[in-house]
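K.L.:
Sequence positions in the sequence shown follow UniProt numbering and run 1 to 138. Note that the Cβ used here is the ideal one computed from N, Cα and C, for glycine as well. As the structure is a computational prediction, the values presented were derived from the model and not from experiment.
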Amino acid sequence: MSTGTRRKLTEPSATEQELKDMQRMLAKAEQKIRTLQNKIAGQQREIRDLRAQVKREENLIAERSELKAEITDLRIENKELTRANREHVERNEALQAEKERLKAEARARRSNSLSAGASLGRIPQSSVTRPLLKQQTS
Numbered sequence: 001m002s003t004g005t006r007r008k009l010t011e012p013s014a015t016e017q018e019l020k021d022m023q024r025m026l027a028k029a030e031q032k033i034r035t036l037q038n039k040i041a042g043q044q045r046e047i048r049d050l051r052a053q054v055k056r057e058e059n060l061i062a063e064r065s066e067l068k069a070e071i072t073d074l075r076i077e078n079k080e081l082t083r084a085n086r087e088h089v090e091r092n093e094a095l096q097a098e099k100e101r102l103k104a105e106a107r108a109r110r111s112n113s114l115s116a117g118a119s120l121g122r123i124p125q126s127s128v129t130r131p132l133l134k135q136q137t138s
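#1: May I ask you to report which of helix, strand or coil DSSP gives SER13?
#2: Just the C-alpha distance for GLU105 and SER113, rounded to the nearest angstrom, thanks.
#3: Rounded to whole angstroms, what's the CA-CA distance from LEU67 to GLU80? Just pull it up for me.
Below you can see the structure in the form of C-alpha cells.
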C-alpha cells in the first residue's frame, strides 16, 4: 500500500497539470497584454507628438501667409514711396533751378542798375558799389 500512495504524491494529477498549463498560458497572455499596452502607449505618445508637430506646422503656415501678405504690402508701399521720392526730387531740382535763375537775374539787375547809375550820374562805379555792399552786410 505504501508504494501506491507514493506514486500519487509524486505524480501530478491531470487536473493539476491542466492548472499549471492554464497558469502558463495566463502568464503568456498577461505578458502579451503588457507588451501590447506598452506598444499602445508608445503609439499614443507618437500620435501626441505628431499632433503637436501638425499644430506647429499649421502655425508656421499661418505665419508664412501673414508674412507674405506683409511683404506684398511693403513692396506696394516701397513703390509708392519711390514714386513720391522721384516727384520730390524733380520738384526740388525745379526749385533749385528757379532759385539759380532768380539769383542770376538779381545779379544781372544789380549789375545793370549799378552800371546805369554810374554812367548816368557820372559817379564812379566803385563809390556806388560801396554803399550797396554796406547795406547788404547790415
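P.N.:
According to the structure data:
#1: coil
#2: 12 Å
#3: 20 Å
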